[in-house]
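I have placed the structure first, in the form of structure tokens, so that the comments after it can refer back to it.
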Amino acid sequence: MPILIAVVAALLALIALPAEAQQVKIETTRKPSEREARVVPPPLHYETSRPPDADVYPRGTRVEHDPAFIEPFAGSYQTTKGSGRYGLSGWTAPNPPIGPEATLWKEVNGWFALGFSVTWDGPPARVVPAQPVR
244 MPILIAVVAA
254 LLALIALPAE
264 AQQVKIETTR
274 KPSEREARVV
284 PPPLHYETSR
294 PPDADVYPRG
304 TRVEHDPAFI
314 EPFAGSYQTT
324 KGSGRYGLSG
334 WTAPNPPIGP
344 EATLWKEVNG
354 WFALGFSVTW
364 DGPPARVVPA
374 QPVR
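Here the sequence shown is numbered in the numbering used here, starting from 244 and rising by one per residue.
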């Protein structure tokens, strides 16, 4: 009986040796952090001095149609000649001067609007060098 116990113990030791030798170091990559939802302002907002359709209306327009894209629902594209954006956006819709002055159309600059916008003919995007992988 002691010989049988010794044989079983020796067999268990032989089976356990390869399992002990196979230690593997497991590493995981860090999950990319989620981008915060934000509103992207129009790129040329402060470069313009007046709305492009200011000469069309008798007293001019008071606001410019510049959509501010809501980032999780918007995207951008680039071509060789320019760039643009598309997606869900919000902007101030101009109040057209239609009707008599008794309707007080001149008292309102514009209205909040939300919808799908597409911009084009923007400046080509700057090339940002890729950061080295660590």
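Every residue gets a Cβ at the ideal spot worked out from N, C-alpha and C, and that includes glycine. It should be emphasised that the depicted structure is a prediction, and the values quoted were computed from it without experimental measurement.
Next item on the list: Throw me the rounded Cβ distance for the Gly330 and Phe359 pair, which I believe falls under 8 Å.
Entry: 7 Å
Margin query: If you follow the beta strand (DSSP E) that Trp354 is in, where does it begin and where does it stop?
Written below: 353-361
Next item on the list: Can you tell me the Cβ-Cβ gap for Gly333 and Ile313, rounded? I've got them flagged as a contact below 8 Å.
Entry: 7 Å
Item checked: Entirely enclosed beta strand (DSSP E) segments - the region 320-346, minimum 3 residues -> 326-337
Note to self: As a quick exercise: from Ala336, Arg369, Pro375, Asp298, pick the residue whose alpha carbon is nearest that of Phe355.
What the structure shows: Ala336
Next item on the list: Below 8 Å on the Cβ atoms is my guess for Gly353 versus Asn338; work out the distance and round it to an integer in Å.
Entry: 5 Å
Note to self: So Pro367 and Gln321 are supposed to be a Cβ contact under 8 Å. How far apart are they, rounded?
What the structure shows: 7 Å
Margin query: Assuming the contact rule is C-beta atoms closer than 8 Å, Pro315 and Thr362 should be a hit. Round their C-beta distance to whole Å, please.
Written below: No, Pro315 and Thr362 are not in contact; Cβ-Cβ is about 18 Å, not under 8 Å.
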